[in-house]
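Residue numbers (the numbering used here): -15 to 229.
Every residue gets a Cβ at the ideal spot worked out from N, C-alpha and C, and that includes glycine.
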Ligand code: ADE
């Protein structure tokens, strides 16, 4: 990615804007990124696009069945609004993503790929489902794992967080997200801090004094680097061997 610090605009289309309120308002690193104008994140309330006085957003499924289905026309209007941003630059790269357990499994390489866009629009379904035609309004469908949640709100936040930390400037130092865990297809090496010797008063534990590995106390950068690489490899082989293929 180029090193120019640009703003990432994230819009999350949801029936439950309250659900993602805390995240959108920002805390910690997210708050800092918003302040530094590296990030803008907001919800788009799907209800506002509902039909009639009752702002209807769903309907009974054709052919019968239980539950209600989100209407494609309502979602389309919300997407069109979410894709527009004020003072939009002409060549801005937008990606519109539908969250669904039927989507492509989300991986770190997808976070890297999505971090190249300046505007991400997430469309959150709810558990009852959405009209099939919604699929034709989006660029891609993503699942965050083989389990079924009640809606796409948490998946949208998961992906937003994975993407935003890769944007230049968000983590403070541009390098800080590089060389970590899955980015390098390896798990991270073990880390330690004070105290050097941890005394545990637990009779069940054989080792009552747990020490920091000696090499880390030597100040010998080359050896430390080598040790970390070996530990990362060992750990990956043991816990996630498929990452090494
Ligand atoms: N909506 C419900 N479950 C989901 C999942 N696992 N990934 C993405 N969106 C979802």
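Quick one: what does DSSP say residue i is sitting in, helix, strand or coil?
i, result
"residue 64", "helix"
"residue 163", "Bear in mind that a pLDDT of 48 at residue 163, under 50, signals an unreliable position, so the model cannot answer this."
"residue 107", "strand"
"residue 28", "strand"
"residue -15", "Because residue -15 sits at a pLDDT of 46, beneath the cut-off of 50, its placement in the model cannot be relied upon, and the following sentence gives the value as read from the coordinates. Coil, per DSSP."
"residue 75", "coil"
"residue 114", "strand"
"residue 182", "strand"
"residue 154", "coil"
"residue 18", "helix"
"residue 37", "coil"
"residue 216", "helix"
"residue 192", "coil"
"residue 92", "helix"
"residue -9", "coil"
"residue 57", "helix"
"residue 85", "strand"
"residue 126", "strand"
"residue 48", "coil"
"residue 69", "coil"
For residue i, which residues from the same chain have a beta carbon less than 7 Å from its beta carbon, with the 5 sequence-adjacent residues on both sides left out?
i, result
"residue 56", "115, 117 and 118"
"residue 212", "173"
Can you tell which of the options has its C-alpha closest to the C-alpha of residue i?
i, options, result
"residue 179", "186, 171 and 201", "201"
"residue 156", "6, 194, 137 and 15", "15"
"residue 148", "103, 213 and 190", "103"
"residue 92", "33, 144 and 26", "144"
"residue 96", "210, 45 and 169", "169"
"residue 146", "185, 75, 94 and 124", "94"
"residue 76", "175, 206 and -9", "-9"
"residue 40", "-7, 46, 53 and 190", "53"
"residue 192", "198, 199 and 184", "184"
"residue 154", "1, -1, 68 and 19", "19"
"residue 23", "177, -7, 71 and 6", "-7"
"residue 58", "140, 47, 109 and 208", "109"
"residue 112", "100, 99 and 133", "133"
Might you give, ordered along the chain, the residues of its own chain that have their beta carbon closer than 8 Å to the beta carbon of residue i, omitting 5 neighbours on each side?
i, result
"residue 171", "165, 216, 219, 220, 223, 224 and 227"
"residue 142", "90 and 128"
"residue 21", "-9"
Under 6 Å Cβ to Cβ from residue i, same chain only, skipping five residues before and after it: list those, please.
i, result
"residue 182", "194"
"residue 66", "-5, -3, 28 and 105"
"residue 82", "107, 122 and 125"
"residue 73", "none"
"residue 45", "53"
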